[in-house]
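Visitor:
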Amino acid sequence: MANYESALGKNFLDEDLSIEQNEEQRRHHIAKAAQLFYDYAMYALNTRWDQKLKFAYRAGKDGERVVRAARAIRRCVVELGKLGNPDMIDQVYLAFKERMSTLSEGTWKPDKDTESDVAEAKRTTSAYRFSSQIPSHQDGK
Numbered sequence: 036m037a038n039y040e041s042a043l044g045k046n047f048l049d050e051d052l053s054i055e056q057n058e059e060q061r062r063h064h065i066a067k068a069a070q071l072f073y074d075y076a077m078y079a080l081n082t083r084w085d086q087k088l089k090f091a092y093r094a095g096k097d098g099e100r101v102v103r104a105a106r107a108i109r110r111c112v113v114e115l116g117k118l119g120n121p122d123m124i125d126q127v128y129l130a131f132k133e134r135m136s137t138l139s140e141g142t143w144k145p146d147k148d149t150e151s152d153v154a155e156a157k158r159t160t161s162a163y164r165f166s167s168q169i170p171s172h173q174d175g176k
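Each residue of the sequence shown is one higher than the one before, counting from 36 in our numbering.
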């Protein structure tokens, strides 16, 4: 469902709607996708007694739930980057890191892919925010 919402966010176009209404719908689908990815990531980390929730002490040996939760949180922050909301990126990533740290008793560290995607989402957010604040040449006339 999250992938479906993400695809709608990329491709939404209703010819009966105005440009602004289409953009609003697109952002709605992106936000829904981000929420679904976040919900999945946090649900996957529901309890430390889950057999598939295994934290490895060596890189690349984490259990299925840890790997999938990290992948879902990466997808979540990428979607949030498209919305131009750096505070939300920080909020969801901090909650994820706290949950992972608690469940792993402090042994878990984020992988390079996750850190890279969070940084890229923040850069995307900054570019989005600043591009909307720069007046065009026509605005000055």
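Beta carbons: idealized from backbone N, C-alpha and C, even for Gly. The structure presented is a predicted model; accordingly, all values stated were derived computationally and were not measured.
Could you work out which residue in 80, 45, 146 and 81 is closest to residue 69 when comparing CA atoms only?
Guide: The residue with the shortest Cα to Cα distance from residue 69 is 45.
Visitor: Which of the three DSSP states is assigned to residue 168 in this structure?
Guide: Any reading at residue 168 must be qualified, since the residue scores a pLDDT of 46, below 50, and its modelled position is unreliable; no value is offered.
Visitor: Which word fits residue 37, buried or exposed, when buried means at least 16 other C-beta atoms lie within 10 angstroms of its C-beta?
Guide: Buried, since its Cβ has 16 or more Cβ neighbours within 10 Å.
Visitor: Taking C-beta to C-beta, are residue 156 and residue 102 nearer than 9 Å?
Guide: Contact flag unset, no.
Visitor: At the level of alpha carbons, what is the spacing between residue 89 and residue 97?
Guide: Spanning the two alpha carbons is a distance of roughly 6 Å.
Visitor: What separation, rounded to the nearest whole angstrom, lies between the Cα atoms of residue 152 and residue 159?
Guide: Going by the C-alpha atoms only, they are around 10 Å apart.
Visitor: So, residue 111 versus residue 78, is the Cβ gap smaller than 9 Å?
Guide: The answer is no: Cβ separation not under 9 Å.
Visitor: For residue 67, which option in 109, 115 and 49 has the closest C-alpha, if you only look at C-alpha atoms?
Guide: Checked all of 109, 115 and 49; the closest Cα to residue 67 is 115.
Visitor: Could I get the ranges of all uninterrupted beta strand (DSSP E) runs contained in the region 116-167, with 3 residues as the minimum, in chain order?
Guide: The qualifying runs do not exist here; there are none.
Visitor: So for residue 44, helix, strand or coil by DSSP?
Guide: Helix, per DSSP.
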